[in-house]
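Residue numbers (the numbering used here): 4 to 361.
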């Protein structure tokens, strides 16, 4: 009967193959040749995942070198099929001009319980080994996983979401379209809020809004670097770049206006405008002023989500230097030289802005 199966395969008579194998599986369920034919039938009829399962089982259990070789060849054929399908899908996803703009793919946090199955799916979709895939899945916050053509990022996002891996894609051009205003100070906070702010052309004006317009808050710390003299292992003096302090940032998102109000302890004019603590000392520190401002925002925006995992996100984002260099940061800190931390914060805040809009 095995010869009849082989002959039916030669004729591409898969209906006969299925009928013959149904009987053979009942008679010889553990026979590796029968199982090899079962895998091949799955492969020829488009049931690729089922075929892969059979071939991998044979590689684990079979002892016959010929059977193992044929199972390995089957897996190679499946990979070639998957690669062709992937290339065709990506080509289709990037066919239009807008799909060739720069985009990013972001992985969202997963529980430890969900990571094992998610890692297997990520490995299959992105062609990784399971161990490497598991290391890519974040337990907290977001991970910038890939950059490339926005159509390709959208395709991979759809594939991952279908595999129950939380993720999203974004077009960097959409982040660049968001207005970012540097807030100088609050003029009034009730019933309507009014701030003095500066746009990206250094034009100063006022902006009025209501607290209900604020959909998200994004907080982050940006390192301030200084060149300091240090001793090496041989007690020789040398210049080193070290983090001396951190600048505090807080973004308020106004989606209806497609705008971000950016507050920073380095540029906010605390002596001007509304005081946030009437009981403060006559000469409060900058840190005290900033903490009072955040406390005030907490009171006004109790139901507004606060995104504060920027430093976790930056650990992955800083690896994409070329992409970050092209992104305008809207960060106005005095620096001796540019740093990727500034556009990384703009990217994080912009992604929160776009993610919440979906």
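For each residue, glycine too, the CB sits at the ideal point set by N, CA and C.
If you count every other CB in all the chains shown that lies within 10 Å of the CB of residue 55, and 16 or more means buried, which is it? Label assigned to residue 55: buried.
Decide if residue 8 is buried, meaning its Cβ has at least 16 other Cβ atoms within 10 Å, or exposed. Buried.
What are the residues that DSSP puts in a beta bridge with residue 48? Looking at the DSSP assignment, residue 48 forms no beta bridge with any residue, so it has no partner.
Using CA coordinates, which residue listed in 264, 262 and 297 is at the minimum distance from residue 278? Ranking the options by Cα distance to residue 278, first place goes to 297.
My parser needs the alpha helix (DSSP H) runs of 4 or more residues fully inside the segment 10-80; what are they? Unbroken alpha helix (DSSP H) runs of no fewer than 4 residues, entirely contained in the segment 10-80, are found at 17-30, 35-47 and 51-64, following chain order.
Which residue marks the beginning of the beta strand (DSSP E) containing residue 159, and which one marks its end? Run containing residue 159: none in the beta strand (DSSP E); it sits in the alpha helix (DSSP H), 153-165.
Look at the alpha carbon of residue 226 and the alpha carbon of residue 97, and state the distance between them as a whole number of angstroms. Straight-line Cα distance between these residues: approximately 38 Å.
Suppose you measure from the CA of residue 151 to the CA of residue 19; what does that come to, to the nearest Å? Each residue's alpha carbon lies about 47 Å from the other.
Find the nearest neighbour of residue 69 within the set 35, 154, 163 and 81, judged by alpha-carbon distance. The alpha carbon of residue 69 has as its nearest neighbour, out of 35, 154, 163 and 81, the alpha carbon of 35.
Check whether the segment 102-121 touches the segment 167-181, taking contact to mean three or more Cβ pairs, one atom from each stretch, closer than 8 Å. The segment 102-121 makes contact with the segment 167-181, as at least three CB pairs between them are under 8 Å.
According to DSSP, simplified to helix, strand and coil, what is residue 329? If DSSP states are grouped into helix, strand and coil, residue 329 belongs with coil.
Residue 4: buried (16+ other C-beta within 10 angstroms of its C-beta) or exposed? Counting Cβ neighbours within 10 Å, residue 4 comes out exposed, since fewer than 16 surround it.
Near residue 346, which residues of its chain fall below 6 Å by C-beta distance, leaving aside the five closest residues on each side in sequence? The answer, listed in chain order, is 327, 330 and 332.
Using the three-state DSSP reduction, which class does residue 279 fall into: helix, strand or coil? Of the three classes helix, strand and coil, the one that applies to residue 279 here is coil, per DSSP.
Does residue 271 pass the burial test, meaning 16 or more other C-beta atoms within 10 Å, or should it be called exposed? By the 10 Å Cβ count, residue 271 comes out buried.
Start and end of the alpha helix (DSSP H) containing residue 348? For residue 348, the enclosing alpha helix (DSSP H) begins and ends at 344-360.
Close beta carbons around residue 214, own chain, < 7 Å, minus the five adjacent residues each side: Result list for residue 214: 196, 303 and 304, in chain order.
State the start and end residues of the unbroken alpha helix (DSSP H) segment that holds residue 313. Bounds of the alpha helix (DSSP H) holding residue 313 are 313-320.
Can residue 81 and residue 159 be called in contact, C-beta distance under 7 Å? Cβ atoms of residue 81 and residue 159: not closer than 7 Å.
Looking only at its chain, what residues have a beta carbon closer than 8 Å to the beta carbon of residue 27, apart from the 5 residues adjacent to it on each side? Answer for residue 27: 4, 5, 8, 34, 37 and 40, listed in chain order.
With a Cβ-Cβ cutoff of 7 Å, do residue 137 and residue 122 count as a contact? Cβ atoms of residue 137 and residue 122: closer than 7 Å.
With a threshold of 7 Å between beta-carbons, can residue 111 be considered close to chain C, or not? Among the chains of the structure shown, chain C does not appear; only one protein chain is present.
Out of curiosity, what's the CA-to-CA distance linking residue 229 and residue 324? About 21 Å.
In terms of DSSP beta bridges, what is residue 226 paired with? The partner list for residue 226 (beta bridge, DSSP) reads 249.
Could you compute how far the alpha carbon of residue 199 sits from the alpha carbon of residue 193? The C-alpha of residue 193 is placed about 15 Å away from the C-alpha of residue 199.
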